[in-house]
Amino acid sequence: MYHFLRRRKAYNLDTTSQDLYERFHPALGFSKEEDLSASIIFIVEEDRVLLRNENGAADFPRFSDCFVQNPERYDLGYLGTLDGAHCFYMSYDETFIIPNGLEFESLRTVYSKVDEVIGLVASRAVHLAGWSQRTKYCGVCGSPTRKDPAELAKRCTSCKNIIYPRISPAIIIAVVKEDKLLLAHNKNFKQRWYSTLAGFIEPGETVEICAQREVLEEVGVTIKNIRYFGSQPWPFPDSLMIGLIADYESGEVTPDGVEIDDAAFFGADELPEVPGTYSVAGKLINWFVQTRNQG
């Protein structure tokens, strides 16, 4: 049995949020009498999604592309409607035959091929598909779980434990010193690829305290005047990136040698290779470049 979620009340949201909830209406279910052949389906394998590339544009498969018969054999999750079309997600199953013309691509690559609203819905699909795979059984008693028909959660069939999608908040921060931006190279990055500093918020920390700790731990400098920039869901596997800006206060840049093997302040005209603007890291760096060029 499926139930619709009530449409969310419109608050004073930013442009992207307004666009998202004008085009996408999250729900827990749909009428089984509806024709689902044109429904969009996000088929997920870890951090990759199945899509079709045609004439440089990315398009997600439809129900009619993937399910000739017996769709009920797969663990489908319902997302809601996007531009009027029903949307589903499912984790890739080796019994599923990939239709011709479709291939898996990293969600990071997909971000650069679709508009921001579709990217947010794809993020939701990847996040929920991973959560659904990891919570087939109750972490308390080990019994099977089922999707709750009344809220975005799973419920244990035995002890009734409720399991909500996990969201792990993390900060990502642009530290500015006069006309330069602090960028770092993580040991896991490809050579000459740098980004802003980031780290997970620990229990008992505020966002600001986390930012101060992460910057001090990773590169040995202190910061001040921390302010909010923006945020982004980052389902790798379940993060919410909280973008911040801060001013350099004191200290000499000293990489910790554990996560960070190089870090330095860069001017707007001397940046190394950095993330694209599909990510909040790229948006922070782009903000820095634009404000310096305008100045």
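Following full-length UniProt numbering, the numbering of the sequence shown begins with 1 at its first residue and continues without gaps. C-beta atoms are modelled at their ideal positions from N, C-alpha and C, and glycine is treated no differently.
_Nearest-angstrom Cβ-Cβ length linking Val274 and Ile260, presumed shorter than 8 angstroms_ = That pair is no contact at about 15 angstroms.
*Give the secondary structure of Phe236 by DSSP, where H, G and I count as helix, E and B as strand, and everything else as coil.*
Coil.
*asked:* For the beta strand (DSSP E) containing Glu208, name the first residue and the last one.
replied: Looking at the DSSP string, Glu208 is not in any beta strand (DSSP E); the run it does join, the alpha helix (DSSP H), is 207–219.
_In whole angstroms, give me the CA-to-CA distance for Asn186 and Lys177._
Distance between Asn186 and Lys177, taken at the CA atoms: about 21 angstroms.
*asked:* Short of 7 angstroms in beta carbon distance, which residues of its chain neighbour Tyr92, apart from the five on each side in sequence? Order them along the chain.
replied: Result list for Tyr92: Ile43, Val44, Glu45, in chain order.
*asked:* Let me make sure I understand the geometry here. Which of Ala184, Thr145, Leu271 has the alpha-carbon closest to that of Tyr164?
replied: Looking only at Ala184, Thr145, Leu271, the smallest Cα-Cα distance to Tyr164 is reached by Thr145.
*Per DSSP, what kind of secondary structure is Asn12 in: helix, strand or coil?*
The pLDDT assigned to Asn12 is 38, lower than 50, so where the model puts this residue is not dependable, and the model offers no usable value.
_Using a 10 Å radius around the Cβ and a threshold of 16 neighbouring Cβ atoms, would you call Arg124 buried or exposed?_
Here Arg124 is buried. Its C-beta has 16 or more other C-beta atoms within 10 Å.
*Alpha carbon to alpha carbon, how far is Tyr137 from Cys159? Give it in angstroms, no decimals.*
Roughly 11 angstroms separates the two Cα atoms.
_Completely contained beta strand (DSSP E) runs for the region 260–292, where each covers 3 or more residues_ = For the beta strand (DSSP E) assignment, the uninterrupted runs of no fewer than 3 residues enclosed by the region 260–292 are, from N- to C-terminal side, 260–267.
_Taking DSSP's pairing of strands, which residues face Ile173 in a bridge?_
Leu197, Leu244, per the DSSP bridge assignment.
*Any idea if Gln232 is buried or exposed, counting beta-carbon neighbours within 10 angstroms, 16 or more meaning buried?*
Looking at its Cβ environment, which holds 16 or more other Cβ atoms inside 10 Å, Gln232 is buried.
*Kindly confirm or deny that the region 231–245 and the region 126–141 touch, where touching means at least three C-beta pairs closer than 8 angstroms.*
Contact between the region 231–245 and the region 126–141 is present, because at least three Cβ pairs lie under 8 angstroms.
_Is it buried or exposed, Ala38, if we count other Cβ atoms within 10 angstroms and call 16 or more buried?_
Exposed.
*For Asn186, which residues does DSSP report across the bridge?*
Asn186 pairs with Ile260.
*Report the residue from Lys147, Arg155, His127, Ala129 whose alpha carbon sits nearest the alpha carbon of Val140.*
Ranking Lys147, Arg155, His127, Ala129 by Cα distance to Val140 puts Arg155 first.
*Tell me whether the beta-carbon of Leu197 lies closer than 9 angstroms to the beta-carbon of Glu218.*
In this structure, Leu197 lies near Glu218, with their beta-carbon atoms less than 9 angstroms apart.
*Since Tyr278 contacts Ser112 with CB under 8 angstroms, what's their CB separation in whole angstroms?*
Contact holds; Cβ gap of about 5 angstroms.
*asked:* Relative to the C-alpha of Phe24, which candidate in Ala264, Leu50, Gly84 has its C-alpha closest?
replied: Comparing Cα-Cα distances from Phe24 to each of Ala264, Leu50, Gly84, the minimum goes to Gly84.
*So does the region 209–225 actually touch the region 241–256, counting three or more Cβ pairs closer than 8 angstroms?*
The region 209–225, when compared against the region 241–256, does touch it at the 8 angstroms Cβ threshold.
_Ala129 in three-state terms, based on DSSP_ = Here Ala129 sits in helix by DSSP.
*Taking buried to mean at least 16 other C-beta atoms within 10 Å of its own C-beta, is Pro203 buried or exposed?*
By the neighbour-count definition (other C-beta atoms within 10 Å, threshold 16), Pro203 is an exposed residue.
*Proximity below 9 angstroms, CB of Asp47 to CB of Val126*: In terms of Cβ geometry, Asp47 and Val126 form a close pair [threshold 9 angstroms].
*asked:* Here's a check: name, in chain order, each residue in its chain whose Cβ is nearer than 6 angstroms to the Cβ of Ala263, leaving out the five neighbours to either side.
replied: Taken in chain order, the residues that qualify are Ala184, Val219, Val253, Pro255.
*When the Cα atoms are used, what is the spatial distance from Ile98 to Tyr21?*
Straight-line Cα distance between these residues: approximately 31 angstroms.
*Under three-state DSSP, which class holds Val117?*
If DSSP states are grouped into helix, strand and coil, Val117 belongs with the helices.
*asked:* Mapping the DSSP letters down to three states, classify residue 302 as helix, strand or coil.
replied: In the structure as shown, the chain starts at 1 and stops at 295, and residue 302 therefore has no counterpart that could be examined.
*Considering only residues of the same chain and omitting the five flanking positions on each side of Gly101, which have a CB-CB separation below 6 angstroms?*
Cβ neighbours of Gly101 beyond the five flanking positions: Arg52.
_For Ser91, list the residues DSSP reports as bridge partners._
The partner list for Ser91 (beta bridge, DSSP) reads Val44.
*Compute the beta-carbon to beta-carbon distance between Leu181 and Phe265, rounded to the nearest angstrom, for a pair I have assumed lies under 8 angstroms.*
Rounded, the Cβ-Cβ distance is 7 angstroms, consistent with contact.
*What is the DSSP secondary structure of Leu50, reduced to helix, strand or coil?*
In this structure, Leu50 counts as strand in the three-state DSSP scheme.
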